[in-house]
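Counting from 41, one number per residue, gives the positions in the sequence shown under this note's numbering.
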Amino acid sequence: MISLDEARSRVLNGVGALTPREVDCERASGLVLAHDVVAGENVPPFANTAVDGYAVRSADVASVPCELRVIGTLAAGDGSQQRVGTGEALRIMTGAVMPDGADAVVMVEDTETLADGRVRVRRTVTPGTAVRPIADDVRAGDVVFAAGTVLSPAGAGVLASINARRVAVYPRPRVALLSTGDELVTDGSPLRRGQIRESNLTMLDILLRQNECEVENLGVVVDDESTLERVLLEAARSCDAIVTSGGVSMGDFDVVKAVLSRLAEMQWMQMAIKPAKPFAFGLLTAGQRKIPVFGLPGNPVSSMISFELLARPALRKMMGHTRDLSRPAVRAVTDAPLRRKQDGKVHFMRVFARFGDDGRVHVRDTGPQGSHQLAATAAANALAIVPDGNGVASGESVDVMLLGGALDIVSVAH
Ligand code: AMP
Ligand code: MG
């Protein structure tokens, strides 16, 4: 058996970042930028008002209340040239260009419209009040996003705001997903003796998409070597990676093992962890390309955990991530004992994590921990990393890998 760290470095060494590609900014959120983005335009492109109100010369309203003559109205988008002279005010709407002569805006709430085309101002302003200067947000020539940045939805909005409509990113890997097992039923038909319903394809398809991958779901492939070989070779021609579920252990009908051993440069790993001891990783040659293959075990919990611990970091590396390949881990306190037996393995126990009133992350297990018991895993938002031994007593500390990111942990303190 090898350690998880050893397995992870073998897998990560076998994959590289995909070739960057230009995409529309609307499609770039969640992806890693391949180049610096330099702003070609100022945002905002002109000084404008932050409020609905009256553009004034601040010196005119130094003592209040006072009255000014209203010379017109300016809406956002109105490009007409306007000038505010001494004793004058221009009615102006949020986003409209600041007129020449004016240096501040009085909020409409601080004014009173008078009958004779005049306005009464009740509050003083200083130069710059409620004015958004040119380039207040982004200055032309600035690097707005450095290469390696993971673009957020707001980031995609920024790209639109500077007219960077196309941007170079590491693309979403196209991942072929398949499950093996003659016992698996997907079509809703009554189960015959020995059959079970397939669950991993549903789970892994969603996990892949959540992690910014495109999925080609190939369904269940029967435990037949020539069928599997054909499906795998076809997948390798059109995809960037292949994820398989099942058939990588020591069973007599573990066809994934039999076929991939012939077709690909494979590493069949047994890791000193529980669940998810077996894991297969290799490279399948398709023309000039070598396609990474992640062979996850079939037991649903093992499938999910090995996806999280090994396939996900590798897929992130392919997507150009250099940091945070694995989920973040925090130190947590246990609210109930995390029981286990000594077996030479690190256990990844499914737990529910929440912030306590003490500001610490608290965890308790979510139920039965068998590798076939997906229902308890479904209630977990974290994995407690329980070292070999007899477990962790209540109130003690344990490292916890957060599956949904730190901010998804619910708080009890409202
Ligand atoms: P295997 O890794 O193929 O030896 O399968 C290990 C266990 O997981 C067996 O009990 C299988 O029936 C079960 N299993 C395999 N694939 C799936 C799947 N896609 N969905 C649900 N259970 C599965
Ligand atoms: Mg099987």
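Here a beta-carbon is modelled for each residue, glycine too, at the ideal position from N, C-alpha and C.
Residue i classed as buried or exposed, judged by whether at least 16 other C-beta atoms fall within 10 angstroms
i: S229; result: exposed
i: S278; result: exposed
i: S120; result: exposed
i: R61; result: exposed
i: T406; result: buried
i: F86; result: exposed
i: Q409; result: buried
i: R48; result: buried
i: Q328; result: exposed
i: H454; result: Caution is warranted here: a pLDDT of 41 is assigned to H454, below 50, making its placement in the model unreliable, and the coordinate value is therefore given only provisionally. Its Cβ having fewer than 16 others within 10 Å, H454 is exposed.
i: N240; result: buried
i: L378; result: buried
i: M138; result: buried
i: M41; result: exposed
i: M311; result: buried
i: E152; result: exposed
i: R212; result: buried
i: D227; result: exposed
i: L154; result: exposed
i: I246; result: exposed
i: T166; result: exposed
i: E238; result: buried
Nearest-angstrom Cα separation, counted from residue j out to residue i
i: A275; j: R352; result: 19 Å
i: D100; j: T126; result: 7 Å
i: D177; j: G429; result: 55 Å
i: A376; j: P315; result: 21 Å
i: T220; j: A180; result: 54 Å
i: R67; j: V190; result: 13 Å
i: M441; j: V391; result: 10 Å
i: S69; j: I174; result: 27 Å
i: G135; j: A142; result: 15 Å
i: L355; j: E265; result: 27 Å
i: V386; j: L199; result: 44 Å
i: L52; j: G399; result: 35 Å
i: L217; j: N339; result: 16 Å
i: V373; j: R380; result: 17 Å
i: R123; j: I111; result: 9 Å
i: M306; j: K317; result: 16 Å
i: M40; j: M359; result: No statement about residue 40 is possible, as the shown extent of the chain runs from 41 to 454 and does not include it.
i: L349; j: S201; result: 38 Å
i: R232; j: D292; result: 22 Å
i: L58; j: V341; result: 29 Å
i: K401; j: D439; result: Residue 401 is actually Val in this sequence, not Lys. When rounded, the distance between both Cα atoms is 10 Å.
i: G326; j: V370; result: The residue you asked about is not Gly; residue 326 is Ala in the sequence shown. Their backbone Cα atoms lie some 40 Å apart in a straight line.
i: E12; j: N203; result: Because the chain in this structure spans residues 41 to 454, residue 12 falls outside the shown range and cannot be described.
i: G435; j: A419; result: 21 Å
i: V83; j: I449; result: 36 Å
i: G197; j: G54; result: 35 Å
i: R205; j: E252; result: 20 Å
First and last residue of the uninterrupted alpha helix (DSSP H) at residue i
i: A326; result: That residue, A326, is in no alpha helix (DSSP H); its beta strand (DSSP E) goes P318 to A326.
i: L303; result: V295 to L303
i: A200; result: P193 to S201
i: I174; result: Note, I174: premise wrong, no alpha helix (DSSP H); not H, not E.
i: K357; result: R352 to M358
i: R48; result: L44 to N53
i: R61; result: Per DSSP, R61 belongs to no alpha helix (DSSP H); it is in the beta strand (DSSP E), R61 to D64.
i: S437; result: Careful: S437 lies outside any alpha helix (DSSP H), inside the beta strand (DSSP E) at S437 to L442.
i: A416; result: L414 to A418
i: A275; result: E265 to S278
i: L423; result: Per DSSP, L423 belongs to no alpha helix (DSSP H); it is in the beta strand (DSSP E), A422 to V426.
i: R404; result: Premise fails: R404 lies in the beta strand (DSSP E), V401 to D405, not in any alpha helix (DSSP H).
Host beta strand (DSSP E) of residue i (start-end)
i: E152; result: T151 to T153
i: V260; result: E254 to V261
i: G93; result: G93 to V96
i: A369; result: A369 to T374
i: T284; result: A281 to S285
i: T113; result: C106 to L114
i: R214; result: R214 to T220
i: I132; result: E128 to I132
i: P84; result: Note, P84: premise wrong, no beta strand (DSSP E); not H, not E.
i: I449; result: That residue, I449, is in no beta strand (DSSP E); it is neither H nor E in DSSP.
i: P332; result: R329 to L336
i: R457; result: In the structure as shown, the chain starts at 41 and stops at 454, and residue 457 therefore has no counterpart that could be examined.
i: R390; result: V386 to F395
i: M147; result: A144 to M147
i: V159; result: R158 to V161
Residue i CB to nearest heavy atom of the ligand SAM below 8 Å
i: E265; result: Here the bound small molecules are the ligand AMP and the ligand MG; the ligand SAM is not part of this structure.
Original post:
Okay, do the region 360-375 and the region 255-271 touch, 3+ Cβ pairs below 8 Å being the bar?
Top reply: Short answer: they don't touch.
Original post:
With distances taken from each beta carbon to the nearest heavy atom of the ligand MG, which residues come in below 6 Å, in chain order?
Top reply: T220, G221, G286, G287 and G338
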